[in-house]
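Numbering (this note's numbering), first residue to last: 3 to 395.
Beta carbons: idealized from backbone N, C-alpha and C, even for Gly.
If you're wondering where the values come from, they're calculated on a predicted model, not measured in any experiment.
For reference, the structure discussed in these notes is given below.
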Amino acid sequence: MNIRVLTLNVWGLPLGIARHHAQRMEAIGEQFGPLGADIIALQEVWTPEARSQLTEAGKAHGYTTLWHRKAAFGGSGLMLLSRWPVEDIRFTPFRLAGLPQRPQHADYYGGKGFAEFTLRTSAGLVSIINTHLHAGYTPAPELDEYDGLRAAQAIQIATAIRKIKNPVIALGDFNTEEHEPASRILLGLSGLLDSAQELDLRQATIVQGNPYRGADAPDARIDLILSRGGEETEIRPTTLRRVLDAEFRVGSDRATYSDHAGLFGVFELSKRAKPVPVPDPVSVETLNLAHHQIELGRKISLDRQSRESVMAAGGLILGLTAGAGAFEARRRRRQWLFGFATSLAGLSTVGASGAYWGSRSVVAHELQVYDQIIQALNRMKPALPERDKLRTK
């Protein structure tokens, strides 16, 4: 049997950040029927309006399971529509989800993670993973402060997939390209294969010239459809193509469905002649890379704590200086200056203390999770090298 899947980051951001929001959600929903996917995995469905529009479109086109988390903040932004019966749904938040002290990088407040859906098909159970990893905010070749965190998220997903014995299709916005460590770790640990690599059909999903991207934004392939066979069922990609990338007009404005293009894929499922163990043992190279990225994440966390501690100390010094100024102003009976200096002293001291203890708390949690990941990696048995037989003639 075949199973058809679609993934799209819909760019459904709130507060008017995403342009042409309602018109784009309507246009996306209108394509559900023509595309004909059995499974639709969406990301960044942040607003109630987007969820409502896409849910109604799904119902109109025959999707019987429509899932999303209801929370506006911390709701993950993930949504799934299925024509197949869903036996189980499980959402797992990322243990490292971002930095609360970076509100301009909203990933932490989005409650990102991954959702696992177990489908009942004529070929047996199939597991679908829908996810959205932490975004990168630093252009190459500069070091991205979320490199270690994204590797931790990839390891968390891969560890969950290693426990699944059904065929797996994982799709979504992975925010990592195939040459980058997080992608290599995810595939290497989980046994997933990239459909684009398997079919040699690599197409960018962040496309230069998109009306919602900067003119100089480079192409990138960060939206992926991945798969791995199960113990009793093989899975093979047969089709992969970029979709939902055409332009249209909203009034006089150039528009398209999202700031990402979508991906549509078809997989063929068939019974194995005999069961095989899954997943395969992990290569030493993959384990070494995973260890390296987690150690990098630890270093980034500790370096950030040092920088933020220095900034907090500067704020405390400012507060103490302002406090001394307030005392002097009061001694000289300059009430307006006394009030200003007192307020400045209070704000500086409280802000510095909060920043210091907040940073220490965040880093303590990060280091704890990184240490637990290292322990989990140490428990994974690496693949043994194959020995060639000695031939003598």
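Item                                                                                                                                                                   : Value
Pull up the DSSP beta-bridge partners for Q45, would you.                                                                                                              : N11
Hey, how far is the Cα of Y110 from the Cα of N177?                                                                                                                    : 15 Å
Quick one: measure Cβ to Cβ for Y148 and H136, integer angstroms, because I've assumed they're closer than 8 Å.                                                        : 5 Å
Which residues mark the beginning and the end of the beta strand (DSSP E) in which G79 is found?                                                                       : Element bounds for G79: n/a, residue is neither H nor E.
Just grab the DSSP bridge partners of G264 for me.                                                                                                                     : V245
Within the same chain, show all residues whose beta-carbon is closer than 6 Å to that of I5, passing over the 5 residues directly before and after it, in chain order. : D40, F269
Whose C-beta lies closer than 7 Å to the C-beta of M3 among residues of the same chain, with five residues either side of it excluded?                                 : T123, S124, A125, L271
Ordered along the chain, which non-local residues of its own chain (more than five positions away) have a Cβ less than 8 Å from that of W13?                           : A20, R26, E46, Y214, S260, D261, H262
Would you report the Cα separation of L349 and I227, rounded to the nearest angstrom?                                                                                  : Only weak support exists for where L349 lies, its pLDDT of 47 falling under 50; the value from the coordinates is given anyway. Taking the straight line from one Cα to the other gives about 49 Å.
Please return the same chain residues whose Cβ sits closer than 7 Å to the Cβ of I166, not counting the five positions on each side in sequence.                       : S129
Using only CA atoms, which one of F93, N290, I208, R243 lies nearest to I131?                                                                                          : F93
Classify N212 as helix, strand or coil using the three-state DSSP reduction.                                                                                           : coil
Is A248 buried or exposed, if buried means 16 or more other CB atoms sit within 10 Å of its CB?                                                                        : exposed
Could you give the DSSP three-state label for G190: helix, strand or coil?                                                                                             : helix
Beta strand (DSSP E) containing L228: first to last residue?                                                                                                           : 225-230
Do you know how far the Cα of I224 is from the Cα of W338?                                                                                                             : Note on W338: pLDDT 45, under 50, position unreliable in the model; no value is reported.
Is the beta carbon of H107 closer than 8 Å to that of Y139?                                                                                                            : yes
Taking only the alpha-carbon atoms, compute the straight-line gap between L37 and V245 and give it to the nearest angstrom.                                            : 9 Å
Which of the three DSSP states, helix, strand or coil, is assigned to P95?                                                                                             : strand
How should A52 be labelled, buried or exposed, when 16 other C-beta atoms within 10 angstroms of its C-beta is the threshold for buried?                               : buried
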